[in-house]
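Each residue of the sequence shown is one higher than the one before, counting from -6 in the numbering used here. A quick write-up on the structure given underneath.
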Amino acid sequence: MDDRLWLKAQRYLAGNQLTAARIACEALLQRAPDHADARLLLAGILLGEKRVRETAAQLLAAANSGATSATLSGKIALALLRVGETRAARDCVARVRPAALASGPDCAVLAHALQTIGEHEDALAMVARARALGFDNADLRYFHAIQLIFNGKLDAAAGELEACLRLQPGFGRAALSRARLRRQTHATQHLDDICRRLGVVEWGSVDHAALEFARFKELDDLGDHADAWGALERGNAIMHARLPCDRAREEALVERMIALSTRDFLQPAPAATHAGPQPIFVIGMPRSGTTVLERILGNHSQVSAAGELDDFAHQLRWQADHHDRTLLDPMLLERMRGLDYANIGARYLAQTQWRARGKPYFVDKLPSNYFLAGAIHRALPQAHILHMSRDPMDVCFSNYKALFGDACAYSYHLPSLAAQHRHYTRLMRHWHAVMPGRILDVSYEDLVAAPETQARRILDFCGLSFEAGCIDISRNAAPVATLSTAQVREAIHDRARGEWRRYATQFGGIGDLLAMN
């Protein structure tokens, strides 16, 4: 009977009969509560219905069902991460015994889970094990290369990227990662190779866009700015066609957030005070220098750098019991007024305190948390919030040349990019007005010009004493999982200042858009 119910649930799912599939799974689980596959399937259906709490409950039950398959454990862990159950996901992966890792695909699934958790050294070891077990394809070579880059092994990553490109000539993301490994010269450039790959890539795909971004990077390195700009425009046009940005929707969400977030609304309840390691949030526009700031903080003996965490947004959504793939949506904003913010803070800390690794502070560096700074203050009044700011033209240009994949749709269209920066500026002004003294602004330009002076100011705000080694970010060997992974292996420098001026004729017009009301 159990097998028939399971097959029925799978048939219903294949036929997109989701309600029937849910009923079949629920009936099966009444008879076989430890059927982890059924709980995983049911959780996916519930998440599609935006029911976060029930989804999390099913996945936690699946994680505790005694499943021994490495692949199933990895899938459960990845699903747990989608609803913010980070600690359970980590435990789920840790329970997999070495004897269960008998195949390369098993190891690859676990490696992806480890990467998503942020355990990049373990992810690298796991993907290496997958390779040792004979598993090999272009996707795995690319994933291996990315893990090598995150862990600072750039020469080894170059070899894996070349192997990936041999296996799949149209793998544009690998060509872009190769271009970004180092500054290209006439002796090291790959422009002819990129042109050949443009002849075989799927037109209009992300890989097509990535090849244009790779061509831009290499032409820019070589000083051929006219052709470089053409490649950058083509790459962004491809991505904008794939991911159009709804500027009216974004503006309406910012308006609603500002209207909701009055000074009275953001007052924390006494119960919002929590013991244990405390977060230092680093926020700002992407590509504003947040990774440099995180590396400085991570050099301090009392601070652990945890990377880009989406735990706060997940706990906000758990409390609202509403799932959406975007950071903000109208239903979440509607429900925010009645949430238990002390509980959000407690749940956030329960999911993240292991990241402190025995230290009293950990850095949560997710730039987009600038949208949620008010909610963060209300839920975690002890938390320090650092806002990294950067010259608007520089930060917008850095966004425009980034290729964020499916994230940051605004970055592929100059009017949308300018509008996003205006929304960001307006929100930050609002947070300062309603939470005076709760956020420290850190200028990127000031930080790279006078690292020690700014580091002293930052650490003092966080209640930490200055340590001379903090500003030597080149000695920080911890993994970096951002686009800045190669740059922050070097000492602090100001070479990125004013890069947009090389394209002043083509890009300079965004200045007028930035100034619009």
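Ideal Cβ placement from N, Cα and C applies to all residues, glycine included. Computed from a predicted structure; not experimentally measured.
(message) Looking at the secondary structure, which residues open and close the beta strand (DSSP E) in which Tyr354 lies?
(response) Translated into positions along the sequence shown, residue 354 becomes position 361. Note, Tyr354: beta strand (DSSP E), 354 to 358.
(request) Decide yes or no for the touch test of the segment 294 to 306 against the segment 397 to 406: beta carbon pairs closer than 8 Å, at least 3 of them. (result) no
(request) Within the same chain, show all residues whose beta-carbon is closer than 8 Å to that of Val521, passing over the 5 residues directly before and after it, in chain order. (result) Absent from the model: residue 521. The displayed extent of the chain is -6 to 510, so no value can be given.
(message) Given a cut-off of 8 Å on the beta-carbon distance, is the pair Ala376 and Pro261 in contact?
(response) What you label residue 376 is simply residue 383 of the sequence shown in a count that begins at 1. What you label residue 261 is simply residue 268 of the sequence shown in a count that begins at 1. The answer is no: Cβ separation not under 8 Å.
(request) Please work out which residues of its chain come closer than 6 Å, Cβ to Cβ, to Ala167, disregarding the five sequence neighbours upstream and downstream, and give them in chain order. (result) In the sequence shown, counting from the first residue as 1, residue 167 sits at position 174. Tyr135, Leu154, Cys157, Leu158, listed in sequence order.
(message) Quick check: what's the CA-CA separation for Leu34 versus Leu342?
(response) By 1-based counting over the sequence shown, the position of residue 34 is 41. By 1-based counting over the sequence shown, the position of residue 342 is 349. Using only the alpha carbons, I get a separation of about 29 Å.
(request) Just the C-alpha distance for Gly456 and Pro360, rounded to the nearest angstrom, thanks. (result) Locating residue 456 in the sequence shown gives position 463, where the first residue counts as 1. Locating residue 360 in the sequence shown gives position 367, where the first residue counts as 1. Their Cα atoms are separated by approximately 22 Å.
(request) In the DSSP assignment, find the unbroken beta strand (DSSP E) run with Ala54 in it and report its ends. (result) As a first step, residue 54 must be located in the sequence shown, where it is residue number 61. Segment 45 to 56 is the alpha helix (DSSP H) holding Ala54; no beta strand (DSSP E) there.
(message) In whole angstroms, give me the CA-to-CA distance for Leu6 and Asp217.
(response) Position 13 of the sequence shown, counted from the first residue, corresponds to residue 6. Position 224 of the sequence shown, counted from the first residue, corresponds to residue 217. Cα-Cα distance, rounded: 52 Å.
(request) Over the uninterrupted alpha helix (DSSP H) stretch that includes Asp257, give me the two end residues. (result) Start at 1 with the first residue of the sequence shown, and residue 257 comes out as number 264. Taken as a continuous stretch (DSSP letters only), Asp257 belongs to no alpha helix (DSSP H), as it is neither H nor E.
(message) From the DSSP secondary-structure annotation, give me the bridge partner or partners of Gln271.
(response) Mapped onto the sequence shown, residue 271 falls at position 278. Gln271 pairs with Tyr354.
(request) Would you mind working out which of Leu290, Phe274, Thr48 sits nearest His316, comparing C-alpha positions? (result) Taking the sequence shown and counting its residues from 1, the one referred to as residue 316 is at position 323. Closest by alpha carbon: Thr48.
(request) Count the other CB atoms, across all protein chains shown, that sit within 10 Å of the CB of Glu287; report buried if there are 16 or more and exposed otherwise. (result) The residue labelled residue 287 in the question sits at position 294 within the sequence shown. Buried.
(request) Can you check DSSP and say which residues form a bridge with Ile503? (result) Start at 1 with the first residue of the sequence shown, and residue 503 comes out as number 510. None; Ile503 has no bridge partner.
(request) Name the one or two DSSP bridge partners that Ile276 has. (result) The sequence position of residue 276 within the sequence shown is 283, counting from 1. Ile276 pairs with His380.
(request) May I ask which residues mark the beginning and end of the alpha helix (DSSP H) holding Ser409? (result) For this step, residue 409 is matched to residue 416 along the sequence shown. 407 to 427 is the extent of the alpha helix (DSSP H) around Ser409.
(request) Return yes when the Cβ of Arg431 is within less than 8 Å of the Cβ of Ser281, no when it is not. (result) Counting from one through the sequence shown, the residue named residue 281 turns up at place 288. Counting from one through the sequence shown, the residue named residue 431 turns up at place 438. Cβ distance not < 8 Å, so Ser281 and Arg431 don't count as in contact.
(message) By the DSSP assignment, the alpha helix (DSSP H) with Asp487 in it spans what residues?
(response) Translated into the one-based positions of the sequence shown, residue 487 becomes position 494. Careful: Asp487 lies outside any alpha helix (DSSP H) and carries neither H nor E.
(request) Within 10 angstroms of the Cβ of Lys352, are there 16 or more other Cβ atoms? Answer buried if so, exposed if not. (result) On the sequence shown, position 359 is the one that residue 352 refers to. So Lys352 counts as exposed.
(request) Could you tell me whether the segment 438 to 452 touches the segment 413 to 424, where touching means 3 or more Cβ pairs closer than 8 Å? (result) no
(request) Below 7 Å CB to CB, which residues in the same chain sit around Ala123 once its five sequence neighbours on both sides are set aside? (result) By 1-based counting over the sequence shown, the position of residue 123 is 130. Cβ neighbours of Ala123 beyond the five flanking positions: Gly97, Cys100, Ala101, Ala104, Leu133.
(request) Quick one: residues in its chain with C-beta nearer than 6 Å to the C-beta of Arg32, no 5 flanking neighbours on either side, listed in chain order? (result) Within the sequence shown, numbered from 1, the residue matching residue 32 stands at position 39. So the qualifying residues of the chain are Gln51, Ala54, Ala55.
(request) Take Leu215 and list the residues in its own chain whose beta-carbon comes closer than 7 Å to its own, dropping the five residues that flank it on each side. (result) Within the sequence shown, numbered from 1, the residue matching residue 215 stands at position 222. Gln177, His179, Gln182, listed in sequence order.
(request) Select from Ala93, Leu320, Ile187 the residue whose C-alpha is nearest the C-alpha of Ala172. (result) The residue given as residue 172 occupies position 179 in the sequence shown. Per the Cα distances, Ile187.
(message) Quick check on this structure: which residue in Gly192, Leu302, Asn144 has the alpha carbon closest to the alpha carbon of Ile276?
(response) Taking the first residue of the sequence shown as 1, we reach residue 276 at position 283. Closest by alpha carbon: Leu302.
(message) For the segment 378 to 392 against the segment 319 to 331, do three or more pairs of beta-carbon atoms, one drawn from each stretch, fall closer than 8 Å, so that the two count as touching?
(response) no
(request) Use the C-beta contact count for Glu114: other C-beta atoms within 10 angstroms, 16 or more gives buried, fewer gives exposed. (result) By 1-based counting over the sequence shown, the position of residue 114 is 121. Glu114 is exposed by the Cβ-count criterion.
(message) Let me check one thing: in DSSP terms, what residues is Ile432 bridge-paired to?
(response) Position 439 of the sequence shown, counted from the first residue, corresponds to residue 432. Answer by DSSP bridge pairing, in chain order: Ile378.
(message) Tell me which residue opens and which closes the alpha helix (DSSP H) that Ser170 is part of.
(response) Mapped onto the sequence shown, residue 170 falls at position 177. It spans 165 to 173 - the alpha helix (DSSP H) in which Ser170 sits, taken as one unbroken run.
(message) Per the DSSP calculation, Ser297 is bridged to which residue(s)?
(response) For the purposes of this step, residue 297 is taken as the residue at position 304 of the sequence shown. For Ser297, which the question treats as bridged, DSSP gives the partners Phe355.
(request) Report the residue from Gln308, Ala95, Ala149, Ile38 whose alpha carbon sits nearest the alpha carbon of Phe128. (result) Numbered from its first residue, the sequence shown carries residue 128 at position 135. Phe128 has its Cα closest to that of Ala95, out of Gln308, Ala95, Ala149, Ile38.
(message) Could you compute how far the alpha carbon of Thr283 sits from the alpha carbon of Asn9?
(response) Locating residue 283 in the sequence shown gives position 290, counting from the first residue. Locating residue 9 in the sequence shown gives position 16, counting from the first residue. Approximately 43 Å, taken between the alpha carbons.
(message) Please state whether the Cβ-Cβ distance between His267 and Gly338 is less than 8 Å.
(response) The residue labelled residue 267 in the question sits at position 274 within the sequence shown. The residue labelled residue 338 in the question sits at position 345 within the sequence shown. The answer is yes: Cβ separation under 8 Å.
(request) Taking the CB atoms as reference points, tell me whether Leu433 and Phe454 lie closer together than 8 Å. (result) For the purposes of this step, residue 433 is taken as the residue at position 440 of the sequence shown. For the purposes of this step, residue 454 is taken as the residue at position 461 of the sequence shown. A contact, by the Cβ cut-off of 8 Å.
(request) Name the two residues that bound the continuous alpha helix (DSSP H) containing Ala265. (result) By one-based count along the sequence shown, residue 265 stands at place 272. No alpha helix (DSSP H) contains Ala265, which DSSP labels as neither H nor E.
(request) Inspect the beta-carbon positions of His414 and Pro385 and report whether they are closer than 8 Å. (result) As a working mapping, residue 414 is identified with position 421 in the sequence shown. As a working mapping, residue 385 is identified with position 392 in the sequence shown. Yes, Cβ-Cβ distance for His414 and Pro385 is below 8 Å.
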